[in-house]
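So the sequence shown is numbered by UniProt numbering: it starts at 1 and just counts up by one. Cβ coordinates follow ideal geometry from the N, Cα and C atoms, glycine included. The block underneath contains the structure these notes are about, expressed in structure tokens.
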Amino acid sequence: MKEQEFNKEFLRRFTDNELSEPEYEALMQWLSSLSPQEQQSFLNEHIQSLTPAALQTPSPDFELLRDKIEQQDNSRRTVRLWLGRVAAVLIPFAIYAGVINSQNNNQPVVRIASSTPVRMLRVTNSGINTKIILLEDSSKVTLSAGAILSYPEKFAATKRELSLIGKAFFDVKHETARSFVVSSGDVKTTVLGTSFWINFSVETKKTSVKVKTGKVGVQQLTEPAIFLLPGESALYNQISGRLSKIRPEKHLLHPLKIAQPATALSFNETSIKSVIIELEKQYQVKIVLETGIDPALKLSLNTRGKSIATVMEEIKNQVPVSYEISAASIHIKPQ
Numbered sequence: 001m002k003e004q005e006f007n008k009e010f011l012r013r014f015t016d017n018e019l020s021e022p023e024y025e026a027l028m029q030w031l032s033s034l035s036p037q038e039q040q041s042f043l044n045e046h047i048q049s050l051t052p053a054a055l056q057t058p059s060p061d062f063e064l065l066r067d068k069i070e071q072q073d074n075s076r077r078t079v080r081l082w083l084g085r086v087a088a089v090l091i092p093f094a095i096y097a098g099v100i101n102s103q104n105n106n107q108p109v110v111r112i113a114s115s116t117p118v119r120m121l122r123v124t125n126s127g128i129n130t131k132i133i134l135l136e137d138s139s140k141v142t143l144s145a146g147a148i149l150s151y152p153e154k155f156a157a158t159k160r161e162l163s164l165i166g167k168a169f170f171d172v173k174h175e176t177a178r179s180f181v182v183s184s185g186d187v188k189t190t191v192l193g194t195s196f197w198i199n200f201s202v203e204t205k206k207t208s209v210k211v212k213t214g215k216v217g218v219q220q221l222t223e224p225a226i227f228l229l230p231g232e233s234a235l236y237n238q239i240s241g242r243l244s245k246i247r248p249e250k251h252l253l254h255p256l257k258i259a260q261p262a263t264a265l266s267f268n269e270t271s272i273k274s275v276i277i278e279l280e281k282q283y284q285v286k287i288v289l290e291t292g293i294d295p296a297l298k299l300s301l302n303t304r305g306k307s308i309a310t311v312m313e314e315i316k317n318q319v320p321v322s323y324e325i326s327a328a329s330i331h332i333k334p335q
């Protein structure tokens, strides 16, 4: 190691932030000239001479050191080199301070940030019935038979991430600050709080997402997301690479089935042929009595507040016939 003139008192003053600017510059100049191994040897040699009280005092502020370095040379490349060297010196000091203070029960502990791995959970529904999983954020997942859900025991502070193979229903607790993201193959489904189904089939290489409540974003890899509202769904085909949005079909009620006349008719033991003639006038619809039906069959009914579909059901219940309502007519057939 390169020879140095810094004694224990000098090192103490460095730790206590008592060095003059020229002394700081001299120390930094010398330390930066050492290799990482030589820096470590220097620290090992002198750290034991410091008291726990001295170690509790912060090292010189890193921003101040950076300012001094920048004053020496405005070259961006040189500044980066100096910053890297200073950091290499200050970080070992902080680590040593944490170790020594933690061994002294009478002194506050200097905490060093550490990364604690989060335990991942994997649940497989191997039964024939659905399986309900309650997550740590109170969200609920209903796994269908054969489905596999993987998720952390505790979600991160900024995001709730899971992965799914198979089919499941998600009832997600609303959290504006933490999105809820489900990965299923190449598809990511993102919500803040809503309920939806996901079905990811490894065999067919297809993923479908359907929304029950709220708003859902569905994205395939790096492609723009599509957003779904209640009743809407998305389908991704891994083979074609296509993600498409599917809107629910609007089931329009047939006007003949819901129309109700302003006036009412009443029949008492009236032939079906006569009833049909009056119904055609009342509902303004063509009614065909097909071959094979006895026109003398008797009916007793009234049409007050009833649609033609309801009236046809009553006729069907009284005599052996069936019926079919098309766009422009009604056909009565023998049963």
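{"Check": "Same chain, Cβ closer than 8 Å to Met120, five either side skipped, listed in chain order", "Outcome": "Ser150, Tyr151, Pro152 and Glu153"}
{"Check": "Three-state class that DSSP yields for Phe155 in the structure shown", "Outcome": "coil"}
{"Check": "Cβ-Cβ separation, Lys205 to Ile239 (assumed contact under 8 Å), whole Å", "Outcome": "6 Å"}
{"Check": "Opposing strand residues paired with Met120 [DSSP bridges]", "Outcome": "Pro152"}
{"Check": "Spatial distance of Ser126 from Ser244 (CA atoms)", "Outcome": "31 Å"}
{"Check": "Neighbour-count burial assignment, Gly166, 16 or more Cβ in a 10 Å radius", "Outcome": "buried"}
{"Check": "Rounded distance between the beta-carbons of Leu297 and Ser271, thought under 8 Å", "Outcome": "7 Å"}
{"Check": "Helix, strand or coil at Lys215 [DSSP, three-state]", "Outcome": "coil"}
{"Check": "Runs of alpha helix (DSSP H) lying entirely within the UniProt domain \"Protein FecR C-terminal\" (265–331), each at least 4 residues, in chain order", "Outcome": "272–283 and 308–318"}
{"Check": "Val172 versus Lys316: straight-line alpha-carbon distance, rounded", "Outcome": "48 Å"}
{"Check": "Beta-carbon proximity check, Ile293 vs Ile332, cutoff 8 Å", "Outcome": "yes"}
{"Check": "Status (buried if at least 16 other CB within 10 Å, exposed otherwise) for Lys210", "Outcome": "buried"}
{"Check": "Closest Cα partner of Ala234 within the set Thr207, Pro224 and Thr213", "Outcome": "Thr207"}
{"Check": "Among Thr176, Ala26 and Leu221, nearest to Asp186 - alpha-carbon criterion", "Outcome": "Leu221"}
{"Check": "Proximity to Phe155 [Cα-Cα], best of Ile148, Ala147 and Glu175", "Outcome": "Glu175"}
{"Check": "Euclidean distance between Cα positions of Glu278 and Ser300", "Outcome": "13 Å"}
{"Check": "Extent of the continuous beta strand (DSSP E) run through Asn199", "Outcome": "Ser195 to Ser201"}
{"Check": "Ser266 versus Asn237 - alpha carbon distance", "Outcome": "58 Å"}
{"Check": "DSSP-derived helix/strand/coil call for Gln238", "Outcome": "coil"}
{"Check": "Counterpart residues of Thr207 in DSSP-defined beta bridges", "Outcome": "Phe200 and Tyr236"}
{"Check": "Rounded C-alpha distance that separates Val285 from Val202", "Outcome": "52 Å"}
{"Check": "Enclosing beta strand (DSSP E) for Lys131 [first to last residue]", "Outcome": "Lys131 to Leu134"}
{"Check": "CB contact flag (Trp197, Phe180, <8 Å)", "Outcome": "no"}
{"Check": "Beta-carbon spacing of Thr124, Ile132 below 8 Å", "Outcome": "no"}
{"Check": "Exposure of Val311, with buried meaning 16 or more beta-carbon neighbours within 10 Å", "Outcome": "buried"}
{"Check": "Those residues which DSSP pairs with Lys333 across a bridge", "Outcome": "Ser322"}
{"Check": "Contact check, Ala145 vs Leu164, beta carbons under 8 Å", "Outcome": "no"}
{"Check": "Cβ neighbour criterion (16 or more within 10 Å) applied to Arg160", "Outcome": "buried"}
{"Check": "Cβ neighbours of Arg304 in the same chain (closer than 7 Å, five flanking residues each side left out)", "Outcome": "Ala264"}
{"Check": "Limits of the beta strand (DSSP E) - the one that Ser184 falls within", "Outcome": "Ser179 to Ser184"}
{"Check": "Phe227 to Lys215 span [Cα, whole Å]", "Outcome": "7 Å"}
{"Check": "For Gln335 and Glu324, the rounded distance between their alpha carbons", "Outcome": "12 Å"}
{"Check": "Ser33 versus Thr158: straight-line alpha-carbon distance, rounded", "Outcome": "42 Å"}
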